[in-house]
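As given, the protein sequences belong to chains A and B, one line each in that order.
Quick note: the first sequence uses numbering that gives the first Met the number 0, first residue 0, plus one each step.
Quick note: the second sequence uses numbering that gives the first Met the number 0, first residue 0, plus one each step.
Heads up, the beta-carbon is just placed ideally off N, CA and C, and yes, glycines get one too.
Remarks on the structure that follows.
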Amino acid sequence: MKLIARDIRKKMDGLPVLEGVSVELDEGEFVTIVGPSGCGKTTFFNVLIGLTSCDGGEIVYEGRKVENLRGLVAYMQQRDLLLPWRTLLRNVLLGPEIQGKLDDGVLSRARELLSFFRLDNFADMYPAQLSGGMKQRAALARTLMFGKELLLLDEPLSALDAITRRKLQSYLMALSERFGKSVLMITHDVEEALLLSDRIYVFSALPARVRRVIEVGMEKPRSIADKRFLELKEEILGELLEEVQNGS
Amino acid sequence: MDRRNFYPALILLVLIAVWEFLVRVFDVPFYILPPPSGIFQTFASNFSLLLRHTLVTLEEIVLGILLALALAFPLALVMFFRKSLERAFYPLLIASQAIPVFALAPLFVYWFGYSILSKVLMAALIVFFPITLNLLQGIRDADRDLVDLLWVAGATRWQILWKIRFPWALPFLFAGLKIGVSVSTIGAVIGEWVGAERGLGYLMLHANAQLRISLIFASILILSAIGLALFYGVELLERVFLPWKRRERKWEEKG
Ligand SMILES: Nc1ncnc2c1ncn2[C@@H]1O[C@H](COP(=O)(O)OP(=O)(O)O)[C@@H](O)[C@H]1O
Ligand SMILES: [Mg+2]
């Protein structure tokens, strides 16, 4: 197993937010977490990457128990978080730069990545000059350039409109299929989860538990019109609806 | 000329014309209030004198600004990294602003003499406050998510400071600098009034004693020009150092 998070517990201001969450991810897998908004998904990520402490549970990375995944993963949020004072190219180089690994090889890899994400013509532009979709693509390129095998993505496409989101889903697919990364992603888009994932964790309403684990097991690329796809989508939406109604 | 500057320039010209007109119509004596044309004449005939003293004052101001900058960076950093030191320094920093600077001028001259040092310190004291506070605020204000992004990637706090917090603080620093440099002339001139043998402040006192009012006006004019030039100089530096700000603005205008 690449990553095992076992029985993670967390209270915030006395309020339980994570009530024993366990998630597993194998080398090269694409795993997603869906759940009602405000149920604790981001909090779960924050515990994994060390931005908040947890009250119980353990994190095992590549067979070793670790405090958290700081320095071991590349992390990306809904906001593109590009540095406004840097051109796209220099934004993409941020990871190698803080790792002290800037050299010609890295530079040419950054340029290759930019052209894979169809941004080669914008390498010298500032983020403020680009559309939301382009910025998010640049953020994906930067996340890859951190050179980590495991990526944690927290609703990476949520800030985009539906059509742009559709277009960018193929890039997300490429993270595991082309670049061989292991991906753990939070999304609120059930279709997106079904299109991309090997496994889906459905979280309960606050406090979060794993309500259901779905091994999707369909060939990729998948079609949203496929019978099993539609069945699963209905099931998951039904469960989420139930959680939302129980939760409030 | 761009439209932004047109109306201020027009108003200024009108004011000067009215001034000239009133002085002539009411026949105000030259030693009470000289007309703009008289001041201009004084300017021309005392050019080298004015230039000499201007350079002295300018040197004091520029050195004062540089000194303030040199002190602001370490102090802002120390206050940022050590909360206890911030709690210790911050009230003092505020309190230092409650001291009227001109009350310190005699002391500075007493301690540091008629040399340039007392004037540089006066200018620095005035500029220091807005620069330091703005810098500290900018470093603190940096986007939490950006800081977290680097932290999660394993960056050291110096890397976070250098790659996120400093660039984030630059617009704040420039805002503070603009406030600082526009009032920097005050410190230098007060210092010169209290004790100096050169500089525009000294020249003004000298001219005052000799009832050469137009020379005082000429000095005031130069001091204002210095303040303005420093302000626009900082703005120019800002454009050079913050090219992305300009892009943002242009882009927003285009819509
Ligand atoms: N800084 C915080 N302090 C206290 N409570 C918080 C904080 N951040 C989030 N919460 C609470 O934790 C719960 C989970 O939030 P979050 O993990 O962001 O949800 P999700 O990402 O699933 O939408 C929310 O209901 C919120 O009220
Ligand atoms: Mg969230």
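- Look at P129(B) here: in three-state DSSP terms it is helix.
- DSSP places T163(A) in the uninterrupted alpha helix (DSSP H) bounded by 161 to 176.
- Contact fails between the region 212 to 225 of chain A and the region 44 to 56 of chain A, because fewer than three Cβ pairs, one in each stretch, are under 8 angstroms apart.
- Secondary structure note for A217(B): its alpha helix (DSSP H) is the uninterrupted segment 212 to 240.
- A distance criterion of 6 angstroms places the beta-carbon of K40(A) in contact range of ligand 2, judged by its closest non-hydrogen atom.
- Contact of D144(B) with chain A is assigned, a C-beta pair being separated by under 7 angstroms.
- In the structure shown, L24(A) adopts extended strand secondary structure according to DSSP, grouped into three states.
- In this structure, L205(A) has its beta carbon less than 6 angstroms from a heavy atom of ligand 1.
- Taking 7 angstroms as the cut-off, the Cβ atoms of N133(B) and L172(B) count as close.
- Distance from L93(A) to A109(A) at the Cβ level is roughly 10 angstroms; contact not present, criterion being Cβ atoms closer than 8 angstroms.
- For secondary structure counted as the alpha helix (DSSP H) over 4 or more consecutive residues, the region 74 to 127 of chain B holds these complete runs in sequence order: 82 to 97, 100 to 111.
- One finds nothing in chain A with a Cβ atom closer than 8 angstroms to the Cβ of G63(B); even the nearest lies about 29 angstroms away.
- Taken residue by residue, none of the region 205 to 233 of chain A has a beta-carbon sitting less than 7 angstroms from a beta-carbon on chain B.
- Within its own chain, the residues whose Cβ lies closer than 8 angstroms to the Cβ of G39(A), once the five positions on either side in sequence are excluded, are K9, V16, L17, V20, F202, L205, P206, A207, listed in chain order.
- The C-beta of P170(B) comes no closer than 7 angstroms to any C-beta of chain A.
- Contact of R69(A) with chain B by beta-carbon distance below 9 angstroms involves W150, V151, A152, G153.
- Apart from sequence neighbours up to five positions away, the residues of its chain that approach V59(A) with a beta-carbon distance below 6 angstroms are I3, ordered along the chain.
- With the rule of 3 Cβ pairs closer than 8 angstroms, the region 161 to 168 of chain A does not count as touching the region 73 to 89 of chain A.
- In terms of Cβ geometry, A104(B) and I189(B) form a close pair [threshold 7 angstroms].
- Distances between the C-beta of G37(A) and the heavy atoms of ligand 1 include at least one below 6 angstroms.
- If you check the CB distance, A122(B) and E59(B) come in under 7 angstroms.
- For P83(A), the nearest beta carbon of chain B is closer than 7 angstroms to its own beta carbon.
- Of the residues Y113(B), Y6(B), L76(B), T131(B), the one whose Cα lies closest to the Cα of L92(B) is T131(B).
- Contact between the region 131 to 151 of chain B and the region 214 to 228 of chain B is absent: fewer than 3 CB-CB pairs across the two stretches fall below 8 angstroms.
- With a cutoff of 6 angstroms, D119(A) does not count as near ligand 1, since its C-beta is closer than that to no heavy atom of the ligand.
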